[in-house]
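For the sequence shown, position 282 matches number 1088 in my numbering, and the numbering has no gaps at all. Beta carbons: idealized from backbone N, C-alpha and C, even for Gly. Keep in mind the model is a prediction, meaning the values are calculated, not measured. The structure under discussion appears below in the form of structure tokens.
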Amino acid sequence: MEQKFFKYSYKDTLRENLSLAVYNTGYEKCQKGHSWGPAIRDHYLFHYVISGKGRLVLNNTCYHIGRGDLFLIRPSVVASYAADMDEPWEYCWVGFNGTEAERIIGLTAFHTSAPVLHFANHDNLKRLLLNIYNSHGNNPSHETKMIGFLYLFLSELVGNTELSMGEYSTERSYLEKAMRYIQGNYCDPISVDDIAGYANISRSHLYRIFMKKVGISPNEYLSAYRINKACGLLRNSNLKINEIASSVGYNDQLYFSRVFKKLKGVSPSRYLKKKQEEAMAENQERKGGE
């Protein structure tokens, strides 16, 4: 009897604070009406539809999705999606995040008002996404392969954008310049005015570009970048919390803790304890499987 639906997936429970990290990836032929949400994610998530069709709802806007469509769900955006009842979709997906994720997404044609794009080069995107999934495993070499294939997938999206979005090149240039300034100076007490000045545009213009291309304000991007760097220091250094706060541009430890809790849902000390517990549980699970 022919198999009508299936799901192959991989999920990484140890999410290091890297420039890019694969959170989950897979390949699924869905059952009729199979759905997810409404809910939010803590990472970027691409789905590429190989066959069939379905429906995506982002912030109360409905999109009808079919073969050859690639759709993006951004972090902290309320989303839901469901397979069609007559022609349920089959898709590949990859979820990822990291300190470079927003910048790279900003180089593509995806923005908050255009979360769905159609790609004619059907087999190439499918191959790139399946390469990510097929590289999964528990060794560092597997993680490195997945990240490498993720970069190739994203470079394909950026390359398509460069061919079709010449009119947006100026905005993209401003965005890249602003992001480079943030990434090079986040450890100092910089402001949005400093960022706009470096990019040589007004604060309001910078705000509009960020909202259009990234989906958050420059100040929110700066805060998120700093807190992501702080997460890495919490996990990979012996610095005290006040030293970490200073290292990522916060002179006030209490303010740093408030921003951290707002973005991560827990205090810096609780975040560290939680990650240590997750690492211990993961190590025990791996030993149990040997």
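For residue 893, no beta strand (DSSP E) segment is defined, and its DSSP state is neither H nor E. Contact check for residue 870 against residue 880 fails: the beta carbons are separated by 8 Å or more. Residue pairing from DSSP places residue 867 in a beta bridge opposite 864. Burial state of residue 875 is buried, judged by a 10 Å Cβ sphere holding 16 or more other Cβ atoms.
Secondary structure note for residue 1010: its alpha helix (DSSP H) is the uninterrupted segment 1009-1019. Beta-bridge partners assigned by DSSP to residue 859: 872, 894.
In the structure shown, residue 957 falls within a helical segment according to DSSP collapsed to helix, strand and coil. Selection 849, 873, 845 evaluated against residue 864 yields 845 as nearest (Cα-Cα).
With a threshold of 16 other beta carbon atoms within 10 Å, residue 944 falls short and is exposed.
Inclusion of residue 895 and residue 857 in the CB contact set at 8 Å is warranted, their separation being smaller than that value. Annotation for residue 952: 828, 831, 938, 941, 942 place their beta carbon closer than 8 Å to its own, counting only its chain and skipping 5 residues before and after.
In the DSSP annotation of this structure, the continuous segment of the alpha helix (DSSP H) that includes residue 1003 starts and ends at 998-1005. The beta strand (DSSP E) runs of length 3 or more contained entirely in the region 907-932 are, from start to end of the chain, 922-924.
The Cβ neighbour count for residue 1084, taken over all protein chains shown within 10 Å, is under 16; the residue is labelled exposed. Cβ-Cβ distances below 8 Å link residue 1073 to 1063, 1066, 1067 in the same chain, with the five nearest sequence neighbours on each side left out; the list follows chain order. Looking only at 849, 1004, 1017, the smallest Cα-Cα distance to residue 906 is reached by 849. For residue 956 against residue 826, the beta-carbon gap comes to about 6 Å, under 8 Å, which counts as contact.
Counted as a single uninterrupted DSSP element, the stretch harbouring residue 835 is not any alpha helix (DSSP H) but the beta strand (DSSP E) occupying residues 827-835. Cβ-Cβ separation between residue 935 and residue 900: approximately 6 Å, consistent with a contact (criterion under 8 Å).
Across the structure, residue 1055 and residue 1026 are spaced so that their CA atoms are roughly 14 Å apart. In this structure, the beta-carbon distance from residue 902 to residue 878 does not fall below 8 Å. The bridge partners DSSP lists for residue 877 are 853, 922. By the beta-carbon neighbour count (other beta carbons within 10 angstroms, threshold 16), residue 950 is exposed.
Judged by their CB atoms, residue 912 and residue 981 are nearer to each other than the 8 Å cut-off. Inter-residue distance for residue 977 and residue 1012 is about 9 Å (C-alpha atoms, whole angstroms). The straight-line gap separating the alpha-carbon atoms of residue 966 and residue 1032 is approximately 30 Å. Closest in C-alpha terms to residue 1079, from the list 948, 918, 1047, comes 1047. Residue 838 sits close to residue 889, with the two beta carbons spaced by under 8 Å. Each residue's CA atom was taken as its position, placing residue 836 and residue 872 some 14 Å apart.
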